[in-house]
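Below: one structure, written as structure tokens.
2 protein chains.
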Amino acid sequence: MSFDDPALEYQAPGAASAGGHGDQAPTIYDVARVAGVSIASVSRVLNGQQNPRQETRDRVLRAVAELGFAPDGAARALSVRLKEVVGVIVRRPRWHDSSMFADEDENLQFPDMINRGMEIVAQRHGFDLLIRSVGLDEPDAGRRVLALARKSDGLILHDRVLSPAELERLSRQVPVVTLAGEPTSSTVNVHGDNEGGMRALARHLIHDHGYATFAFLAGHEGSPDSLTRGRALASEAAAAGVTLLAGDDWRGGYQAAGGAQAIERLIAGGVRLPRAIVCANDQSAIGVLHALAAHGISVPGDVAVTGFDDMPVARHLRPQLTSVRQSIQDLGATAFETLYSMINRSGQAKESPRGRDIALPTRLVRRESCGCGPQSVKSAAQAADLGGAACA
Amino acid sequence: MSFDDPALEYQAPGAASAGGHGDQAPTIYDVARVAGVSIASVSRVLNGQQNPRQETRDRVLRAVAELGFAPDGAARALSVRLKEVVGVIVRRPRWHDSSMFADEDENLQFPDMINRGMEIVAQRHGFDLLIRSVGLDEPDAGRRVLALARKSDGLILHDRVLSPAELERLSRQVPVVTLAGEPTSSTVNVHGDNEGGMRALARHLIHDHGYATFAFLAGHEGSPDSLTRGRALASEAAAAGVTLLAGDDWRGGYQAAGGAQAIERLIAGGVRLPRAIVCANDQSAIGVLHALAAHGISVPGDVAVTGFDDMPVARHLRPQLTSVRQSIQDLGATAFETLYSMINRSGQAKESPRGRDIALPTRLVRRESCGCGPQSVKSAAQAADLGGAACA
DNA sequence: CTTAGCTCGGAAAGCGCTTACCGAAGCGGT
DNA sequence: ACCGCTTCGGTAAGCGCTTTCCGAGCTAAG
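Dropping the structure here:
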């Protein structure tokens with residue numbers, strides 16, 4: 607593009623009819639010229655040195671206001687070696703599905719809430735979130751992630767989209783925080799206390815409700831969160847001597863559709879359902895609820911169902927869903943804060959490896975779907991205070 | 607929660623041994639050195655010129671792979687004058703609420719789905735989304751938006767966060783597309799066909815169900831979408847000679863909590879509820895449903911309730927929510943495509959101001975909450991094909 | 001054997017900003 | 001009235017990349 611292009615010629619404010627952002631954004635040189643100072647002074651004023659004296663300062667600020675100037679992000683980033691941007695990789699359900707907008711995309715809710723948590727904290731530090739989705743089975747996810755990394759100061763990975771080796775490689779170049787992974791020698795992982803939450807839930811179902819047969823509807827394969835939750839449940843089940851069903855039939859892939867399909871298949875297969883179905887997350891519990899309702903199976907009367915995450919929807923379902931609450935936004939906020947400290951520390955003296963796996967507290971939220979009566983719905987906190995109070 | 611908590615401090619791995627991204631990302635100079643060529647050649651290879659011959663090309667590619675090189679985004683952006691980033695401004699409920707994470711934040715779902723639509727299309731063009739939230743009553747929203755603009759190639763504004771004058775000013779510097787606004791001389795607006803959708807819904811309620819008293823639960827004040835929807839309903843109501851309640855009592859602010867509060871207030875005030883409550887969006891309809899249920903008012907038996915947007919949750923409610931579907935993701939996709947073409951056209955010959963207000967089709971989705979029986983629930987498409995078939 | 005016509009690839013000029021570095025004033029002290 | 005000290009603010013050197021401009025080397029034609 608040439609600047610001799612007549613189309614770029616300066617346009618008088620009212621002229622050229624409907625403007626149309628052809629005016630080009632003003633540069634620091636424009637400001638300097640209007641203010642009658644050098645670009646260095648402009649920069650100094652804008653970056654809060656105390657160097658320029660009041661009068662100069664005023665002239666510059668007036669020019670800035672008049673022109674509507676703001677420094678170019680790329681130029682600034684190049685100069686100060688800080689982009690004030692963190693890259694966020696979210697996982698796209700399927701590698702560029704031809705049915706571009708699959709309806710089950712409703713499951714995006716969870717990652718998006720996490721992002722919101724990040725964003726709010728990022729604000730405070732002047733950072734923004736650069737979002738990119740990557741398909742799980744995408745050809746060269748590695749390259750696409752790296753590319754995002756070079757557009758930002760650090761990366762937050764929502765899901766396992768990279769092999770450990772790729773992750774390792776990547777984290778040598780940029781600070782990386784994972785959300786549903788496992789910490790590596792150079793990355794930090796942030797997650798809810800799956801273990802604790804699931805144990806509390808399991809104990810409630812086993813001891814308070816006395817259920818004796820269970821099933822665990824897993825998330826997608828290899829998900830560390832799902833594995834941990836499943837293991838915790840299995841451990842409690844074993845300790846109490848109750849039956850736990852699990853396996854490939856019991857997989858909802860974290861999605862509503864997945865949960866529904868799994869139940870449909872099981873029912874079609876003539877399997878006798880357990881007394882309680884513990885789902886890996888709320889989303890798949892929704893699907894289970896639907897499939898059960900479609901077959902006239904009462905929840906929690908015939909089968910109890912529970913979720914995990916306690917998304918906002920959980921309380922809008924009928925029956926209201928018993929779940930394990932994790933402060934989703936805190937997950938994001940913590941991930942960002944962690945990354946932020948890594949970014950600042952980058953290149954500085956390295957300290958001992960500590961706190962590489964951060965677990966945030968979770969809390970059992972009893973609602974109706976586990977068999978608790980509507981009375982305990984009002985205040986989950988209250989209910990929790992009752993300890994093991996019977997409610998079935 | 608305090609972020610000064612030492613537990614959050616990141617500590618780099620023990621020695622320099624384990625990596626720990628202290629290695630600094632390789633630059634094009636590193637690649638050139640390793641490959642034994644000049645940086646110009648590296649750049650040429652990477653940017654697909656046909657200039658370098660095969661042997662040189664191989665050497666470079668080998669070096670790139672070995673070092674794990676990817677060009678720095680800021681440097682590249684500065685050079686080619688294209689960041690391949692579009693800024694997205696979403697509206698934060700309230701200007702930095704002290705209760706940082708208000709629970710009603712569930713309403714974030716809608717903008718996030720739109721973003722997802724954008725992101726998918728942006729991928730194809732190599733763009734990413736830079737997200738920033740701005741409070742509606744934020745001190746200098748204008749500056750914060752401008753700053754985001756300078757970090758990107760164009761802006762998509764979700765909500766009215768800027769005054770028309772600010773918008774006008776901004777759009778002289780960068781291409782801008784709004785989602786819930788009105789087109790200006792230099793910005794394009796993308797929105798669902800509120801008018802058509804609402805008219806279809808109104809006619810269904812009036813003619814198919816024969817309801818005679820209505821209320822419109824508005825969104826937040828000044829929202830163009832809400833205004834248009836309200837006007838369309840009013841127009842149909844007037845034409846049919848049925849009663850329509852509206853006004854300050856009937857405002858849900860697009861939120862579940864808002865909808866619930868409005869109903870609570872009305873009931874407390876002893877107001878006689880209309881036969882049908884038409885909500886400005888699904889989110890507030892959820893609140894209405896809850897409030898009604900809390901008072902033992904049957905839906906749709908006593909009062910029919912409808913939403914707008916047809917979010918995924920709509921079909922998980924009891925009763926399933928009748929709504930007006932707009933392809934939320936298409937909204938985002940279209941907004942991006944529009945902006946993209948503006949970005950490319952930037953600086954080139956300007957064309958006639960045309961298509962500045964883009965309306966996407968909407969479609970009535972009949973479920974249970976309007977009074978239609980569960981039989982028409984199975985396939986909304988089928989139901990739609992039946993035309994005005996009676997279902998009440 | 002010379003020279004016009006190629007193709008390759010290096011040197012260097014920016015892109016818009018920050019920030020040493022340094023010369024020019026302004027100031028009080030002797 | 002002169003000298004060192006402190007402030008101010010301009011000049012210029014990058015930040016890492018793309019791309020124009022050219023010279024070098026090679027091929028093929030005269």
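Read top to bottom, the protein sequences are chains A and B. For the first sequence, this note's numbering gives the first residue as 607, with consecutive numbering after it. For the second sequence, this note's numbering gives the first residue as 607, with consecutive numbering after it. We put the CB at the ideal spot given by N, CA and C, even for glycine.
8 angstroms Cβ cutoff met for residue i and residue j
{"i": "B:VAL782", "j": "B:LEU773", "result": "yes"}
{"i": "B:PHE914", "j": "B:VAL894", "result": "no"}
{"i": "B:SER792", "j": "B:SER777", "result": "yes"}
{"i": "B:ALA728", "j": "B:VAL692", "result": "yes"}
{"i": "B:ALA941", "j": "B:ASP799", "result": "no"}
{"i": "B:ARG668", "j": "B:PRO658", "result": "no"}
{"i": "A:ILE869", "j": "A:LEU851", "result": "no"}
{"i": "A:CYS885", "j": "A:THR928", "result": "no"}
{"i": "B:GLY803", "j": "B:ILE949", "result": "no"}
{"i": "B:VAL1086", "j": "B:ARG951", "result": "Any question about residue 1086 of chain B goes unanswered here, given that chain B covers just 607 to 998."}
{"i": "B:PRO830", "j": "B:GLU788", "result": "yes"}
{"i": "A:HIS764", "j": "A:ARG697", "result": "yes"}
{"i": "B:ARG973", "j": "B:GLN926", "result": "yes"}
{"i": "A:PHE675", "j": "A:ASP718", "result": "no"}
{"i": "A:ARG881", "j": "A:TYR946", "result": "no"}
Neighbouring residues, chain A, relative to residue i (Cβ below 8 angstroms)
{"i": "B:GLU564", "result": "Residue 564 of chain B lies beyond the residue range present for chain B, which begins at 607 and ends at 998; the question has no answer from this structure."}
{"i": "B:ALA676", "result": "ARG749, LEU752, ALA753, ALA755 and ARG756"}
{"i": "B:VAL691", "result": "LEU736 and LYS757"}
{"i": "B:ASP854", "result": "What B:ASP854 touches in chain A: nothing, since even the nearest Cβ is about 26 angstroms away."}
Any non-hydrogen atom of the ligand GDP closer than 7 angstroms to residue i Cβ
{"i": "A:SER904", "result": "In the structure shown, the ligand GDP is absent, as is every other ligand, since no ligand is present at all."}
Neighbour list for residue i in chain B, Cβ cutoff strictly below 9 angstroms
{"i": "A:ARG738", "result": "GLU725, ALA728, GLN729, ASP734 and LEU735"}
{"i": "A:ASP1035", "result": "Summary: the structure shown does not reach residue 1035 of chain A, with chain A confined to residues 607 through 998, and so no result is reported for it."}
For residue i, the three-state DSSP class (helix, strand or coil)
{"i": "B:ASN999", "result": "Only positions 607 to 998 of chain B appear in the structure, and residue 999 of chain B is not among them; the question remains open."}
{"i": "A:GLU710", "result": "Residue confidence is low: A:GLU710 scores 48 on pLDDT, short of 50, so the model does not pin down where it sits. Its coordinate-derived value is still stated next. Helix."}
{"i": "B:ALA622", "result": "Only weak support exists for where B:ALA622 lies, its pLDDT of 35 falling under 50; the coordinates are left without a value."}
{"i": "B:GLY787", "result": "coil"}
{"i": "B:PHE822", "result": "strand"}
{"i": "A:ARG682", "result": "helix"}
{"i": "A:ASP888", "result": "helix"}
{"i": "B:LEU966", "result": "strand"}
{"i": "A:ARG857", "result": "strand"}
{"i": "A:GLY993", "result": "The pLDDT assigned to A:GLY993 is 32, lower than 50, so where the model puts this residue is not dependable; a value taken from the coordinates is nonetheless given after this. Three-state result, A:GLY993: coil."}
{"i": "A:SER739", "result": "strand"}
{"i": "B:ARG697", "result": "strand"}
{"i": "A:VAL930", "result": "strand"}
{"i": "B:ALA844", "result": "helix"}
Proximal residues of chain A, C-beta to C-beta of residue i below 7 angstroms
{"i": "B:ILE869", "result": "Here the premise fails: no neighbours, minimum Cβ distance about 15 angstroms."}
{"i": "B:GLN715", "result": "GLN715"}
{"i": "B:ASP746", "result": "What B:ASP746 touches in chain A: nothing, since even the nearest Cβ is about 11 angstroms away."}
Where residue i meets chain B, residues with beta-carbon distance less than 8 angstroms
{"i": "A:ARG775", "result": "GLY674"}
{"i": "A:LEU684", "result": "ASP678, ALA680, ALA681 and LEU684"}
{"i": "A:ASP963", "result": "Neighbours of A:ASP963 on chain B: none; closest Cβ ~11 angstroms, over 8 angstroms."}
{"i": "A:ASP888", "result": "Within 8 angstroms Cβ-Cβ: nothing; A:ASP888 doesn't reach chain B, min ~11 angstroms."}
Amino acids of chain B, ordered along the chain, whose beta-carbon sits closer than 7 angstroms to that of residue i
{"i": "A:ILE892", "result": "HIS922"}
Under 9 angstroms by beta carbon: chain A residues contacting residue i
{"i": "B:ASP743", "result": "Going along chain A, no residue has its Cβ under 9 angstroms from B:ASP743, so there is no contact; the nearest lies around 15 angstroms."}
{"i": "B:ASP1002", "result": "Outside the displayed range of chain B (607 to 998) lies residue 1002 of chain B, so it cannot be described from this structure."}
What are the residues in the stretch 898-924 of chain A lying within 7 angstroms of chain B by C-beta distance? In summary, the residues of the stretch 898-924 of chain A whose CB is separated from some CB of chain B by less than 7 angstroms are PRO918, VAL919, HIS922, LEU923 and ARG924, in the order they occur in the chain.
Does the contact criterion of 3 or more C-beta pairs under 8 angstroms hold for the stretch 739-754 of chain B versus the stretch 903-910 of chain B? When Cβ pairs closer than 8 angstroms are counted between the two stretches, the stretch 739-754 of chain B is seen not to touch the stretch 903-910 of chain B, the count staying below three.
Validate contact between the stretch 915-922 of chain B and the stretch 935-949 of chain B using beta carbons, cut 8 angstroms, 3 pairs: Output reads no: the stretch 935-949 of chain B does not touch the stretch 915-922 of chain B.
Using 8 angstroms as the cut-off, can you tell me whether the stretch 627-644 of chain B makes contact with the stretch 659-666 of chain B, which would need three or more C-beta pairs spanning the two stretches below that distance? Contact between the stretch 627-644 of chain B and the stretch 659-666 of chain B is present, because at least three Cβ pairs lie under 8 angstroms.
Does the pairing of the stretch 856-869 of chain B with the stretch 818-837 of chain B give three or more beta-carbon distances under 8 angstroms? The stretch 856-869 of chain B, when compared against the stretch 818-837 of chain B, does touch it at the 8 angstroms Cβ threshold.
Meets three-Cβ-pair contact criterion under 8 angstroms: the stretch 732-743 of chain A and the stretch 724-743 of chain B: Yes: the two stretches touch, three or more of their Cβ pairs being nearer than 8 angstroms.
Near-chain A residues of the stretch 800-828 of chain B (beta-carbon distance less than 8 angstroms), N- to C-terminal order: Listed by position, the residues of the stretch 800-828 of chain B near chain A (Cβ gap below 8 angstroms) amount to none.
Closer than 8 angstroms is the cut-off here; do at least three beta carbon pairs connect the stretch 838-850 of chain A with the stretch 806-817 of chain A? Contact between the stretch 838-850 of chain A and the stretch 806-817 of chain A is present: three or more C-beta pairs spanning the two stretches fall below 8 angstroms.
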